[in-house]
Amino acid sequence: MLQPSAAFMSRARPRLVAKWLLGVAVLIVLMVVVGGITRLTESGLSITSWKPISGTLPPLTDAQWQAEFEAYKQIPEYQEINRGMTLAGFKTIFFWEYVHRLLGRVIGLAFALPLAFFAAKRWIPKGYGRRLVALLLLGGLQGAIGWWMVASGLVERTDVSHVRLAVHLSVALLILAGLVWTALDLLQLARNPLSVAAKLKPVAIVALAALGVQIVWGAFTAGLNAGYAFSTWPLMGDEWFPRATPMLGSPVADAVDNPIVVQFIHRWFAFVAAAALVWLAARAVKSGHPRAGVAVILLTGLQISLGVATLTTGVALPVAVAHQANAALLLIAAVWAAHIVGERAAVLRPR
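Count along the sequence shown starting at 1, add 438, and that's the number in my numbering.
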């Protein structure tokens, strides 16, 4: 006598869990945008302490504002760059850093509380609990990385370490990619309870790795203010690469710490990443999902255009923020295409 498969008897609600994950992904995209504004307005060092609980509330009295301002006056950024700043000016930069940190707390709650609820209701499909807990832990680590980044600019530097900034951005986008990939797995499971989770294929690994490298050098560019080095395109001044560039003596040091070299790498590796992404897009189209492929191609073209515009406008705030926001959208599209390429046919599971 036939018996229903356990896959059809489960209390799991994969579509609901997927929608929740996509909602959290939207918040992370917003976080990336606010983080970009925070960086571009030089607001990231305005809060000089890390108070995960009590820091949820902003200063509410004049005395509290003065205390925060006095703490800011002790760090090199104020003493060497912003000496003489008024309290009103301080409140402006404080606003963006506060919103950035508050949004991080909101994302943490938006992930942790529903996760606990879904687990209690047994709505999380079998095999996904550990993955979701891993994402939760990665989110907690991201908060610590954020403070590690800020701390680098409180003692001897007038800004944060560009390497730590790159780590901070990379982990944020890794979490975003993990959320989207998991949501796509769950949506596939909702359509077919016998489906098997997608696998990363070589073309997807190459494309996502290339995009990751480009994003890291984008963070280096932002952290070193390397976008201001040359505002011409495609030449850097009158040359493809300025021969008078002062070098640091080591190829690795120049690639990571030299603003002119970093801008050069970020300019031209973009086309390596673009080629890999187009390859991935073509595979997605060939797999029967043209929308994902078209999305990758369009967002890749837009990203390069925004990158050029960021340079030629002298890093205009709206253009630079759009460039960072589109990087997050491009990552989502690339993960979508990678998931399509890696989807496997449904298999019958033993009862």
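Cβ atoms here follow ideal geometry from the backbone N, Cα and C, with glycine treated the same way.
- The beta-carbon distance between leucine 478 and valine 746, rounded to whole angstroms, is 17 Å. This is too long to meet the 8 Å contact definition.
- Residue environment for tryptophan 706: exposed (fewer than 16 other C-beta atoms within 10 angstroms of its C-beta).
- With contacts defined as CB atoms closer than 8 Å, leucine 769 and leucine 592 fail to qualify as a contacting pair.
- The beta carbons of asparagine 764 and leucine 749 sit no closer together than 8 Å.
- Pairing isoleucine 613 with glycine 577 gives a Cβ-Cβ distance under 8 Å.
- The stretch 588 to 606 makes contact with the stretch 649 to 661: 3 or more CB pairs, one atom from each, lie closer than 8 Å.
- Membership of proline 497 in any alpha helix (DSSP H) is not indicated, and neither H nor E is assigned to it by DSSP.
- Within the model, the alpha-carbon separation for phenylalanine 679 versus phenylalanine 702 is close to 7 Å.
- Annotated three-state conformation of methionine 674 is strand, per DSSP.
- The Cβ neighbour count for leucine 617, taken over all protein chains shown within 10 Å, is at least 16; the residue is labelled buried.
- One alpha carbon belongs to serine 599, the other to serine 725, and they sit about 42 Å apart.
- Restricting attention to Trp503, Val470 and Leu547, the CA atom closest to the CA of threonine 486 is found in Trp503.
- In the three-state DSSP reduction, valine 593 falls in the coil class, being neither helix nor strand.
- With a contact defined as Cβ atoms closer than 8 Å, alanine 636 and histidine 777 qualify at about 5 Å.
- The beta carbons of valine 537 and valine 472 sit closer together than 8 Å.
- Closest in C-alpha terms to phenylalanine 556, from the list Ala456, Leu627 and Asp695, comes Ala456.
- Distance from the Cα of glycine 656 is smallest, within the candidate group Pro697, Leu459 and Leu624, for Pro697.
- For glutamate 535, the enclosing alpha helix (DSSP H) begins and ends at 525 to 559.
- Annotated as proximal: tryptophan 534 and isoleucine 475, with beta-carbon spacing under 8 Å.
- Cβ-Cβ separation between leucine 579 and phenylalanine 549: approximately 13 Å, too far for a contact (criterion under 8 Å).
- One alpha carbon belongs to arginine 569, the other to valine 634, and they sit about 15 Å apart.
- Membership of proline 756 in the alpha helix (DSSP H) is indicated by the continuous run 755 to 780.
- About 13 Å separates the CB atoms of isoleucine 513 and serine 481; that is not less than 8 Å, and the two are not in contact.
- Between tryptophan 458 and proline 552, the CB-CB gap stays under 8 Å.
- Secondary structure at valine 609: helix, using DSSP grouped into helix, strand and coil.
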